[in-house]
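Residue numbers (the numbering used here), protein chains in the order written: chain A, 14 to 405; chain B, 180 to 301. One structure is given below, encoded as structure tokens.
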Amino acid sequence: MRIYLDHASTTALKKEVLDAMTPYFLEHFENANSLYSGGRQTANAVALARQSVANNLGCLPNEIYFTSGGSEADTWALKGIALAHKNKGNKIIISKIEHHAILNTAKWLKKQDFEIVELPVDKNGIVSVEELERLIDDNTILVSVMYVNNEVGTIQPIKELAKVCHDHKVLFHSDCVQAVPYLPLNFKELGLDLASISAHKFNGPKGIGALYVRNGVKIDKLISGGSQERAHRGGTTDTPSIVGMAKALELVQVDREKHNAHVKELRNYFESLVKKSIPYVHFNGGNPRVSSVSNLSFEFVESEGILMLLDMDGIAVSSGSACASGSLDPSHVLLSMGVPIEIAHGSVRFTFGQENTKEEVEYTVQSLTKIIERLRLMSPLFNLKQGETYNV
Amino acid sequence: MYNDKVLKEFSNPQNVGVIENADGVGVVGNASCGDIMKITIKVENDVITDAKFQTFGCTAAIATSSCATQMVIGMTLDEALKLTNAQVVEYLEGLPPQKVHCSVLAEEAIKKAIEDYKSKQN
């Protein structure tokens, strides 16, 4: 049995998306910048895709810049705005729970003498609008807060945050990478100046994303080169991927409501079964949160072991702790929410998708219950008498 | 990232538990670092006749605890004190670099259990 419960990490390409892409690998392979008819034909496909993406995101086609994915879009937004507006100020505000694409770019900017200020979140994992109001000042050039958090799924009040920014004439960027499958996006209505998306999070191809830059916003280039993307982003146009992303987004728009209902039912069923079957569990992340994410901490055990044993039962999930990816620090998101460090070490993220079933949820909880029991029997923490602690 | 030997040791660990009335107890690590290892030993005529572990930690922490306890059973105290983390890593046919610290914890837990035994003798 193979059960995939890691849809926030990536998703499978849809057959319809692949079908839309295939001709641009095989027949219409010409460079979209070439003048001959073949090139004009691919350029036309890119233009149609850009129009479709813009329609589905509530913006204009000339406000969409295709990138290699979410990380490039995030990096470009931060560096491009910082460098283009450094004469106005040097302060950039981000939230404490951003994706590493934002966090590490902010770290880089700090080394270039930009001031980076981090917005805290409450215990539910939600950024405070009042706190932004307090921190924003004349020296601030950009605020960046994600729409949906990738670890706990919480939805941030970006419309309100954008309003605070505009009242202070500060630009606002939002990493919307995790939002697309669950929330209808209208960048104009949300009041965004910049936004990032990535196709592989919504059954599109990997290696393609977009940065929305509102017309009138000045931004420096991240990738210099030729005149592609209206001379804002060099690199040969990736026609098949662009066509694929547009198609995937069209399908999301049609299926979103149905998709949300399905994964929400599974997620809620999963959480109710866990609650019944496993003691000492913490449900991380409060409301509002998107329909597919369940982030759990199991006391007395560490997440990597859970992940490996689930894998041996054919179940793919993510460790909330970054331990598995090589870093030994537990999740910065959970720590920001005030989750105690030893509990943050035991967190696992389950994200449900369209192909998952109730039977899979039941099998997963059965497997999980046994695994937690087994690891707890091995854990010295679980075997401490109440009130005892190890002081070593 | 883990080799088959580590995964096998992790999924089927040996010597899990606590020895009742143990002759020596060693506890190392702390919960905030994500690793705690507790090793208990039984000693007869300066030879470790039994060793058990309880570990809160990742795959590597559990695998190294299991293998360290297997390695020291039958050793004299002097031999067990010479056990190095490198030998533990070798037994497991290698660990990812960021997980080598788990083998250090296993070495330290064994040493602490022996020290505890010795301090009780004096």
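Virtual Cβ for every residue (Gly too), placed ideally from N, Cα, C.
Between the CA atoms of residue j and residue i - distance to the nearest angstrom
i       : j       : result
E143(A) : S187(A) : 18 angstroms
K120(A) : I110(A) : 14 angstroms
C178(A) : S360(A) : 34 angstroms
A58(A)  : L264(A) : 18 angstroms
L260(B) : V314(A) : 29 angstroms
N404(A) : Y293(A) : Because N404(A) sits at a pLDDT of 49, beneath the cut-off of 50, its placement in the model cannot be relied upon, and the following sentence gives the value as read from the coordinates. Cα to Cα, N404(A) sits roughly 22 angstroms from Y293(A).
V140(A) : K104(A) : 18 angstroms
I198(B) : L348(A) : 36 angstroms
L148(A) : D135(A) : 16 angstroms
S344(A) : D324(A) : 21 angstroms
D19(A)  : A25(A)  : 11 angstroms
A212(A) : L116(A) : 21 angstroms
D268(A) : E188(B) : 45 angstroms
K383(A) : T167(A) : 29 angstroms
Q266(A) : M350(A) : 32 angstroms
G299(A) : D229(B) : 48 angstroms
M391(A) : C246(B) : 14 angstroms
I215(B) : F235(B) : 5 angstroms
Q241(A) : L132(A) : 36 angstroms
M258(A) : P353(A) : 40 angstroms
L279(A) : T370(A) : 7 angstroms
E286(B) : A242(B) : 13 angstroms
K201(A) : R227(A) : 9 angstroms
C336(A) : E355(A) : Here the model assigns C336(A) a pLDDT of 43, short of 50, so the residue's position is not dependable and the matter cannot be decided.
K277(A) : A261(A) : 21 angstroms
Q54(A)  : V330(A) : 42 angstroms
N297(A) : S307(A) : 8 angstroms
L262(B) : I293(B) : 12 angstroms
E164(A) : V183(A) : 28 angstroms
F127(A) : A95(A)  : 8 angstroms
Under 8 angstroms between C-beta atoms of residue i and residue j
i       : j       : result
V207(B) : K291(B) : yes
R286(A) : V378(A) : Position check: residue 286(A) holds Leu in this sequence, whereas Arg was assumed. Contact flag set, yes.
F185(A) : L196(A) : no
E317(A) : T238(B) : yes
A201(B) : I227(B) : no
L274(B) : A240(B) : no
G102(A) : D151(A) : yes
L70(A)  : Y225(A) : yes
G83(A)  : A114(A) : yes
Paired residues, beta bridge with residue i - DSSP
i       : result
I139(A) : In DSSP, I139(A) forms no bridge with anything.
L153(A) : According to the sequence shown, residue 153(A) is Thr rather than Leu. K104(A).
N182(B) : Partner(s): none; N182(B) has no beta bridge.
I291(A) : BP columns for I291(A) are empty, so no partner.
E128(A) : K104(A)
D19(A)  : T364(A)
G203(B) : I220(B)
L207(A) : H186(A), V226(A)
Q233(B) : K217(B)
V352(A) : Answer is none; V352(A) lacks a bridge partner.
G208(B) : I215(B)
S310(A) : H295(A), S360(A)
F395(A) : Answer is none; F395(A) lacks a bridge partner.
A329(A) : Y17(A)
T382(A) : For T382(A), which the question treats as bridged, DSSP gives no partner whatsoever.
V161(A) : I168(A)
F79(A)  : A223(A)
For residue i, the nearest candidate out of the options (CA to CA)
i       : options                            : result
H272(A) : M34(A), H41(A), T364(A), I149(A)   : T364(A)
G217(A) : M14(A), E312(A), T23(A), L18(A)    : T23(A)
I210(A) : E85(A), I385(A), G51(A), P74(A)    : E85(A)
K231(B) : I215(B), T238(B), V195(B), K187(B) : V195(B)
Q300(B) : M216(B), P275(B), E223(B)          : E223(B)
D251(A) : E164(A), E29(A), E43(A), P343(A)   : E43(A)
A97(A)  : K172(A), H245(A), N300(A)          : H245(A)
T80(A)  : R243(A), P393(A), E284(A), T370(A) : R243(A)
Q191(A) : K182(A), G204(A), E202(A), V158(A) : V158(A)
V185(B) : Y270(B), H280(B), E287(B), E294(B) : Y270(B)
I232(A) : K27(A), V276(A), Y78(A)            : Y78(A)
S380(A) : F395(A), L394(A), I328(A)          : I328(A)
D87(A)  : N75(A), I107(A), C72(A), P74(A)    : I107(A)
D3(A)   : I218(B), I252(B), G213(B), V268(B) : A query on residue 3(A) cannot be resolved here, the shown segment of chain A reaching from 14 to 405 and no further.
F311(A) : L388(A), Y17(A), L205(A), Q64(A)   : L388(A)
L203(A) : P194(A), G220(A), K176(A)          : K176(A)
R362(A) : E284(A), L207(A), L61(A)           : E284(A)
Residue i CB to nearest heavy atom of the ligand NAP below 7 angstroms
i       : result
Q379(A) : By its list of ligands, the structure shown contains no ligand whatsoever, and the ligand NAP lies outside what it can speak to.
task = With 8 angstroms as the limit, tell me which residues of the stretch 202 to 220 of chain B have their beta carbon closer than that to any beta carbon of chain A; keep them in chain order.
result = V206, V207, G208, N209, A210, S211, C212, G213, D214, I215, M216, K217
ask   = Of the residues that make up the stretch 224 to 240 of chain B, which ones have a beta carbon closer than 9 angstroms to any beta carbon in chain A?
value = F232, Q233, T234, F235, G236, C237, T238, A239, A240
message = Closer than 9 angstroms between beta carbons: that is the criterion. Which residues of the stretch 310 to 323 of chain A meet it against chain B?
response = F313, V314, E315, S316, E317, G318, L320, M321, L322
Where the stretch 193 to 215 of chain A meets chain B: residues whose CB sits under 8 angstroms from a CB there = none
query = Any residues in the stretch 220 to 241 of chain A with a beta carbon nearer than 7 angstroms to a beta carbon of chain B? Which ones, in chain order?
reply = none
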